[in-house]
Structures are given as structure tokens and as C-alpha cells.
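Undergrad:
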Amino acid sequence: MAAIEPATKPGFSLELTDDQRDLRAWVHGFAESVVRPAAHEWDEREETPWPIIQEAAKIGLYSYEGLASFFADESGLTIPIVNEELFWGDAGIGLAILGTALPVAAIFGQGTGEQIGEWIPRCFGTADEPKVAAFCASEPDAGSDVSAIRTTARFDEKTNEWVLNGQKAWATNGGIADVHVVIASVDRELGARGHAAFVISKEETKGIEQGAKVRKHGLRASHTADVHLDDCRIPAEQVLGGKEKLDERLARVREGKRARSQAALQTFEATRPTVGAQALGIARAAYEYALDYAKERTQFGRPIIDNQAIAFTLADMKTEIDAARLLVWRASWMGRTGKSFENAEGSMSKLKAGEVAVWATERAIQILGGNGYTREFPVERFHRDAKIYTIFEGTSEIQRLVISRAISGMHIR
Ligand SMILES: Cc1cc2nc3c(=O)[nH]c(=O)nc-3n(C[C@H](O)[C@H](O)[C@H](O)COP(=O)(O)OP(=O)(O)OC[C@H]3O[C@@H](n4cnc5c(N)ncnc54)[C@H](O)[C@@H]3O)c2cc1C
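Take 16 as the starting number for the sequence shown in this note's numbering and just add one per residue.
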């Protein structure tokens with residue numbers, strides 16, 4: 016047997032650095048002292064919690080610089096840590112604060128250097144007057160099937176402008192944001208390969224309006240609405256990546272040179288663990304609440320945790336949450352260090368974390384019994400909030416589709 020070579024690189028470690036631990040404690044402090052106490056009120060009001068967004072902006076948690084510093088961590092773990100802690104406080108308020116990260120990721124991933132410099136700071140506004148941003152891909156007839164997008168972007172050579180028409184559905188921050196990133200079809204015949212992303216300032220542009228606001232099961236502090244584009248005219252340079260690059264890409268696709276966008280797939284894989292981390296925050300909140308409750312609540316003359324049925328459920332909840340976190344951290348690390356997602360590890364992390372969040376929050380209701388089913392206790396809200404994580408940013412079925420295609424190399428349907 017060959018002798019084992021001494022390690023030449025630092026050994027494998029899952030220990031967080033002092034900086035990561037400090038940051039986690041800072042976000043947790045905000046989540047515990049500001050977000051959690053306000054969660055019930057904003058869930059009932061079903062309104063955007065602007066005062067809390069303002070507080071997050073004042074301390075730098077919600078800012079361009081804040082997000083850039085989280086992203087700077089080369090291990091990739093800071094972004095999921097921040098998301099887990101904030102969403103532990105409350106997912107509705109968490110999304111009201113960090114929903115802007117999705118359009119920011121699109122601008123960062125697809126924009127030119129100039130576009131990144133101009134538009135990303137605008138997504139956040141200022142500490143005194145924070146703003147939010149929206150990402151508009153989904154439509155009434157294009158949810159899981161993004162290739163069915165009907166919103167069109169036509170180039171008007173005479174005015175050197177894009178003209179957008181269509182209806183977007185389900186947009187987080189849709190209509191209340193200034194910056195809207197809108198996915199539209201430039202060439203319907205090319206399906207998803209004929210799409211492009213456009214950046215639109217609602218304040219400066221005519222023809223972009225909020226449609227109906229959606230009343231939801233959970234995440235009720237996060238605004239969700241339709242967005243209507245009616246002859247919405249924007250300057251030529253507001254297509255992400257630039258018009259020249261878009262024209263070149265479309266020409267290549269028309270010549271049949273590029274079958275699918277690997278870059279877009281890799282971007283999705285890199286952003287999915289962040290969404291998984293949000294689900295983890297909710298699952299952990301429910302687990303911790305149920306653990307404390309099970310130690311306090313007595314029936315038959317002893318704490319209910321004294322029964323294996325309850326204790327083992329809590330043991331399973333903790334195990335599943337920790338397992339999901341490892342998948343989330345692995346995928347975040349892969350994304351940040353440029354590893355190739357050959358087995359769709361980003362999708363795996365989002366699938367697992369979303370399913371665990373739904374299961375664990377449902378178990379928490381069971382452990383609280385009748386109290387768990389009332390609005391006097393937070394676990395029913397945790398459960399309502401968790402459910403979205405098997406639906407948005409790709410449903411659980413779509414994650415399984417992506418994973419099964421990646422592991423088989425076949426076009427599973
Ligand atoms: C609160 C909320 C916020 C959202 N925020 C945004 C946002 O900011 N921006 C945005 O663009 N969108 C957003 N969405 C939209 C979200 O991404 C879509 O709801 C999601 O992609 C699913 O699309 P759909 O609702 O049309 O469901 P459908 O695509 O109609 O799916 C219905 C069911 O069919 C299943 N299904 C579909 N196709 C297949 C298949 N091939 N194989 C197996 N099963 C399949 C699905 O998994 C699902 O169970 C949001 C949605 C919600 C509810």
C-alpha cells in the first residue's frame with residue numbers, strides 16, 4: 016500500500032472564522048431584537064415594513080456596501096449565514112429586506128461594469144431613504160416554464176429605444192421598487208435563448224405600472240404583485256450586458272452554434288443555496304421554539320419531551336436541519352470558488368432545505384398541540400412562511416428535474 020503523503024494544503028475544516036462568527040452574532044442580534052418582535056404585526060398588516068427596512072439600512076445590513084462585503088468572503092459562507100440569521104427572525108420581513116438581492120444578482124451576473132456601477136447602488140437607495148428592487152421573470156402563463164414568456168422587447172431603430180409590452184406576475188417588490196429587472200423576449204422563435212434582461216427605473220419611465228397586489232398564505236410582510244408594461248420605452252443601453260453583446264449572442268443562436276446557456280444554469284446553481292439558507296432560518300426558528308416548549312409543557316405529570324415520540328422528533332428535526340445546512344454551505348462554497356455544479360449541487364441544497372423547512376415547521380405545530388395551531392404562537396406563521404420554499408425560485412419538482420438531468424446526462428421530462 017502506498018504511504019499516505021503528508022497534507023500540503025491546510026486541512027479540511029468546517030470551523031467558522033472569527034469574522035464570520037462576529038457577523039452571525041451581529042445579524043442574529045438584529046433579528047432577535049428588531050425583526051422577531053415585529054413579525055406578528057407585519058404579518059397581520061400584510062404591508063411592507065418600511066421602518067424595519069430603514070433600521071436595517073441605518074446599521075448597514077441593508078446596503079450596497081453591506082452586500083458587497085458579505086460577497087467578498089472567499090469561502091462563500093457569509094451570504095448563507097446572513098440569510099439564515101435574518102430569516103430566523105422572520106421570513107416575511109427577511110424577504111422585504113433581502114428580496115432586493117435577486118435583481119442585484121441578475122445585474123451583477125449579466126450587466127457590464129458600467130451597468131453594475133450605475134444600477135446596483137440604485138437598488139438600495141440611501142440609508143436615509145432606502146429603496147427596494149424587483150426581478151420580473153414569471154408571467155401568468157410562464158412559471159416553471161420560463162421559455163413561455165410572452166413579454167416582448169422590440170428595438171425601435173428610429174429612437175434608439177427598447178419598447179416593452181407584457182404582463183409580469185408574482186414579482187416580489189413589483190411596483191413598489193424603483194429598479195425593476197425585467198426578462199423579455201427579443202425573438203419569440205428562439206424560446207428561452209431569445210430572452211434578454213432589461214433594467215428599468217419606475218420613477219423615470221412611463222409605461223411600467225403595478226398591477227394587482229397578491230394576498231398570500233405566508234411571507235405576508237413581503238410585497239408581491241403583477242407588473243404591467245405598456246409601450247414602456249427605455250434607452251438602448253438598458254439591456255443588461257449591452258446591445259452589441261446581445262446581437263452577437265442572438266446571431267450565434269440563430270446559426271445553431273449554441274444550444275443552451277451554460278452560464279445561466281451555473282448562475283442559478285450559485286444563487287439557489289442563498290434561498291435554501293432562508294428556508295433553514297425558518298426551520299431552525301421552529302425547531303428551537305418547539306424544543307423550549309417541549310421542555311416546559313407538562314402532561315401526565317412530566318415534560319412532554321420526556322416522551323421518546325417528542326424527543327425523537329426533535330432529534331430528527333435537528334439532524335435534518337444540520338444536514339440541509341451542509342448542502343447549502345457546500346453549494347455556496349462551490350459557487351464562490353467557481354467550482355462546476357456537475358450534479359446540480361445548488362438545486363440539491365435548495366430542494367433539501369425547502370422540504371426540511373416545510374416538514375420541520377409542521378412537526379413544530381404538532382409539538383405545540385392546540386397552541387401550535389393558533390396565531391398566539393409563531394409556529395403556524397413559520398409553517399405558512401416555509402411553504403413558499405418548495406414553490407418559488409424553482410419548485411421542488413423543477414429542482415428534481417434539474418438534478419436528475421445533471422446526474423443522468425439525459426433530458427428527463
Ligand atoms: C410569494 C411569491 C413570490 C415570488 N416572487 C417572484 C419574483 O420576485 N420574480 C419572479 O419572476 N417570480 C416570482 N414568483 C413566481 C415563482 O417563481 C413561480 O410561482 C414558480 O416558478 C412556479 O411557477 P407557477 O406558480 O406558475 O407554477 P407552475 O409552473 O404552473 O407549476 C404548477 C405545479 O406543476 C409542477 N410542474 C410544472 N412543470 C413540471 C414539470 N416539468 N415536471 C414536474 N412538475 C412540474 C410544479 O412543480 C408545480 O407543482 C413568486 C411566487 C410567489 C408565490
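The C-beta atom is built at its ideal place from N, Cα and C for all residues, glycine as well.
This one's a predicted model, so the numbers in the text were calculated from it and none came from an experiment.
Where DSSP assigns a beta bridge to V254, which residues make up the other side?
TA: F213
Undergrad: Return yes when at least one heavy atom of ligand 1 lies under 7 Å from the C-beta of S347, else no.
TA: no
Undergrad: Counting only runs of 3+ residues fully inside the stretch 141-190, write out the beta strand (DSSP E) ranges in chain order.
TA: 148-151, 167-171, 176-187
Undergrad: For my contact list, G91 and G296 are in at a C-beta cut-off of 8 Å; report their separation, rounded to the angstrom.
TA: So it is not a contact: roughly 17 Å between Cβ atoms.
Undergrad: If you check the beta carbons only, do E100 and V42 fall under 8 Å apart?
TA: Yes.
Undergrad: For H238 and G316, what's the separation of their Cα atoms in angstroms?
TA: Answer to the nearest angstrom: the Cα atoms are 46 Å apart.
Undergrad: Between V147 and N188, is the Cβ-Cβ spacing less than 8 Å?
TA: yes
Undergrad: Tell me whether I413, by its Cβ, gets closer than 7 Å to a heavy atom of ligand 1.
TA: yes
Undergrad: Check G224 in the structure and name its three-state DSSP category.
TA: One detail in the question is off: residue 224 reads as Glu in this sequence, not Gly. Reduced to three states, the DSSP call for E224 is strand.
Undergrad: Indicate the three-state DSSP secondary structure (helix, strand or coil) for L31 in the structure shown.
TA: coil
Undergrad: Enumerate in chain order the residues of its own chain whose CB-to-CB distance from I122 is below 7 Å, with the five nearest sequence positions on each side excluded.
TA: Q130, I131, W134, I135, V196, V214, L255
Undergrad: Consider the C-beta atom of C151 and the heavy atoms of ligand 1; say whether any pair is separated by less than 7 Å.
TA: yes
Undergrad: According to DSSP, is V49 part of a helix, a strand, or is it coil?
TA: DSSP places V49 within a helical segment (H, G or I) once states are collapsed to three.
Undergrad: Measuring alpha carbon to alpha carbon, tell me which residue in F102, D37, A40, R36 is nearest Q293.
TA: F102
Undergrad: Out of G26, K73, I94, which has the shortest C-alpha to C-alpha gap to R36?
TA: I94
Undergrad: Check each candidate in L38, D321, E284 and name the one with the smallest Cα separation from I418.
TA: When C-alpha distances from I418 are compared across L38, D321, E284, the shortest belongs to E284.
Undergrad: So, are the CB atoms of V371 and E335 less than 8 Å apart?
TA: yes
Undergrad: What is the C-beta distance between L82 and A116, in whole angstroms, given that I count them as a contact (C-beta under 8 Å)?
TA: 7 Å
Undergrad: Cβ of T220 within 7 Å of any heavy atom in ligand 1?
TA: It does not: the Cβ of T220 is nowhere closer than 7 Å to a heavy atom of ligand 1.
Undergrad: Going by beta-carbon coordinates alone, are S78 and F139 separated by less than 8 Å?
TA: Cβ distance < 8 Å, so S78 and F139 count as in contact.
Undergrad: Rank R312, P318, L179, L234 by C-alpha distance to the C-alpha of A251 and give the top, closest one.
TA: L179
Undergrad: Can you check whether the CB of P393 is closer than 8 Å to the CB of A429?
TA: With the chain covering 16 to 428 only, the question about residue 429 has no answer from this structure.
Undergrad: Please state whether the Cβ-Cβ distance between A346 and P288 is less than 8 Å.
TA: Their beta carbons are under 8 Å apart, which means A346 touches P288 by this criterion.
Undergrad: Within 7 Å: the Cβ of I403 and any heavy atom of ligand 1?
TA: yes
Undergrad: What's the gap between the Cα of R390 and the Cα of R396?
TA: 7 Å
Undergrad: Helix, strand or coil for R230? Go by DSSP, reduced to three states.
TA: coil
Undergrad: Could you tell me the alpha carbon to alpha carbon distance between S153 and E263, rounded to whole angstroms?
TA: 26 Å
Undergrad: Does ligand 1 have even one heavy atom less than 7 Å from the beta-carbon of W185?
TA: yes
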